[in-house]
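For the sequence shown, this note's numbering gives the first residue as 28, with consecutive numbering after it.
Inspection log for the structure reproduced underneath, given as structure tokens.
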Amino acid sequence: MDAKTVLWIAAGCLAAGCATHKELAHPRADLARSGLVDDPAQARRLEKALTDGEIAGLLDLDVRAKLPTTLAVAKLVGGNNPRLDRPDAEELTAWKQAIAGAEGITGVQPVSNLAFGDYLGHPRLTLRALRVAAAKLHCELLLVYLQDDSRVDNYNDAAILYWTFAGLWLVPGNTVEHRTVVQAVVVDCRTGAILGTATGDCHRKALAPLVLRDVRQAQLAREAPQAALADLRKGCEPLLSGIAARAARQAALR
Numbered sequence: 028m029d030a031k032t033v034l035w036i037a038a039g040c041l042a043a044g045c046a047t048h049k050e051l052a053h054p055r056a057d058l059a060r061s062g063l064v065d066d067p068a069q070a071r072r073l074e075k076a077l078t079d080g081e082i083a084g085l086l087d088l089d090v091r092a093k094l095p096t097t098l099a100v101a102k103l104v105g106g107n108n109p110r111l112d113r114p115d116a117e118e119l120t121a122w123k124q125a126i127a128g129a130e131g132i133t134g135v136q137p138v139s140n141l142a143f144g145d146y147l148g149h150p151r152l153t154l155r156a157l158r159v160a161a162a163k164l165h166c167e168l169l170l171v172y173l174q175d176d177s178r179v180d181n182y183n184d185a186a187i188l189y190w191t192f193a194g195l196w197l198v199p200g201n202t203v204e205h206r207t208v209v210q211a212v213v214v215d216c217r218t219g220a221i222l223g224t225a226t227g228d229c230h231r232k233a234l235a236p237l238v239l240r241d242v243r244q245a246q247l248a249r250e251a252p253q254a255a256l257a258d259l260r261k262g263c264e265p266l267l268s269g270i271a272a273r274a275a276r277q278a279a280l281r
């Protein structure tokens with residue numbers, strides 16, 4: 028962006044009264060609306076009214092996972108139409124730390140497009156398809172988490188000083204925000220039973236001069252997802268430990 032363009036933006040800002048108030052949208056990391064459970068057989072089961080006996084059967088369902096096992100981790104990004112994204116090395120290391128207290132869960136395997144066969148595009152994602160992918164990796168347990176992000180950039184009252192060239196560099200006249208929401212479920216691959224859920228959330232806000240706005244936005248885009256995932260893993264640690272302990276007790280009774 029050249030200086031002339033920046034000055035035109037500054038002039039427009041002044042004409043509009045400087046401050047703007049665009050609202051930060053709430054990210055829609057909602058597994059129920061993601062299409063993940065759009066499995067016809069599963070949909071029929073959800074639509075019909077369950078009898079008391081069927082509800083009791085769900086409550087008495089055993090964890091069929093055989094320990095020791097590894098945990099399959101599937102990362103999805105996007106809102107209502109999520110796609111599979113491979114966790115990076117830092118995320119995988121953090122998930123390995125999250126299972127440290129879960130006796131019988133010995134490692135982590137990322138679910139990638141390769142687990143869906145030869146098709147390397149974006150596969151049709153359903154909970155059943157992800158269970159099959161996890162089984163191909165010889166994982167008894169599957170953790171699926173969906174990440175969604177939103178961001179906004181507003182001029183604040185200090186933007187009136189952008190009319191000076193120095194102000195474009197020194198005056199923090201832009202307020203940038205980034206929010207990340209993450210939702211996770213842990214699934215028994217053998218039965219498809221959802222064994223637990225967890226959520227993570229982070230909202231970051233920062234002030235920046237106009238010419239450094241993109242730098243601050245990129246920084247928040249790195250920091251907010253990392254913090255939201257850390258919040259998610261904090262909730263997953265006791266959940267995974269409890270699931271592993273329950274599976275071990277049930278295996279001893281068989």
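Yeah, the Cβ is synthetic: ideal placement off N, Cα and C, and Gly gets one too.
Since we're looking at a predicted model, the values are computed, not measured.
Between the segment 168-184 and the segment 201-211 there are three or more inter-stretch CB-CB distances shorter than 8 Å, so the stretches are counted as touching. Shown here for E167: same chain residues with a beta carbon closer than 6 Å to its own, the five before and five after excluded, namely A92, K93, T96 and C216 in chain order.
Cβ contact annotation for P114 (same chain, cutoff 8 Å, sequence separation greater than five): V100, K102, W122 and P137, in chain order.
Assignment of N140 by DSSP, reduced to helix, strand and coil, places it in the helix class. Assignment of R206 by DSSP, reduced to helix, strand and coil, places it in the strand class. Shown here, G269 sits in a helix according to DSSP, grouped into three states. A Cβ-Cβ distance of about 6 Å is found for the pair N183 and A46, placing them in contact under the 8 Å criterion.
Two segments are said to touch when three or more pairs of C-beta atoms, one from each, lie closer than 8 Å; by this definition the segment 189-199 touches the segment 221-237. Contact annotation, G219 with L154: C-beta distance approximately 7 Å; criterion of less than 8 Å satisfied. For Q277, no pairing in a beta bridge is given by DSSP. Between V212 and the set R240, V171 and A251, the nearest pair of CA atoms involves V171.
Spatial neighbours of A162 in its own chain (CB-CB distance under 6 Å, excluding positions within 5 residues in sequence) are listed in chain order as C216. Counting along the chain, the unbroken alpha helix (DSSP H) around L195 starts and ends at F192 to L197.
Distances from the alpha-carbon of T226 to those of L259, E50, Q246 and L247 put L259 closest. The Cβ atoms of R276 and E250 lie no closer than 7 Å to each other.
Taking C-beta atoms as the reference points, L98 and V135 count as a pair closer than 7 Å. Within the same chain, Cβ atoms closer than 8 Å to the Cβ of L119 are found at V100, V135 and P137, the five residues on either side in sequence being excluded. With 16 or more other Cβ atoms inside 10 Å of its own Cβ, L157 counts as buried. In this structure, the straight-line span from the alpha carbon of A129 to that of L195 is close to 52 Å. Shown here, T97 sits in a strand according to DSSP, grouped into three states. Counting along the chain, the unbroken beta strand (DSSP E) around R178 starts and ends at C166 to Y182. Restricting attention to L239, V203 and A274, the CA atom closest to the CA of K49 is found in V203. Beta-bridge pairing by DSSP links K232 to E204. Residue pairing by DSSP places D112 opposite K102 in a beta bridge. Taking 7 Å as the cut-off, the Cβ atoms of I126 and L267 count as close.
For D258, no pairing in a beta bridge is given by DSSP.
Annotation: L164 to T224 spans about 22 Å, alpha carbon to alpha carbon.
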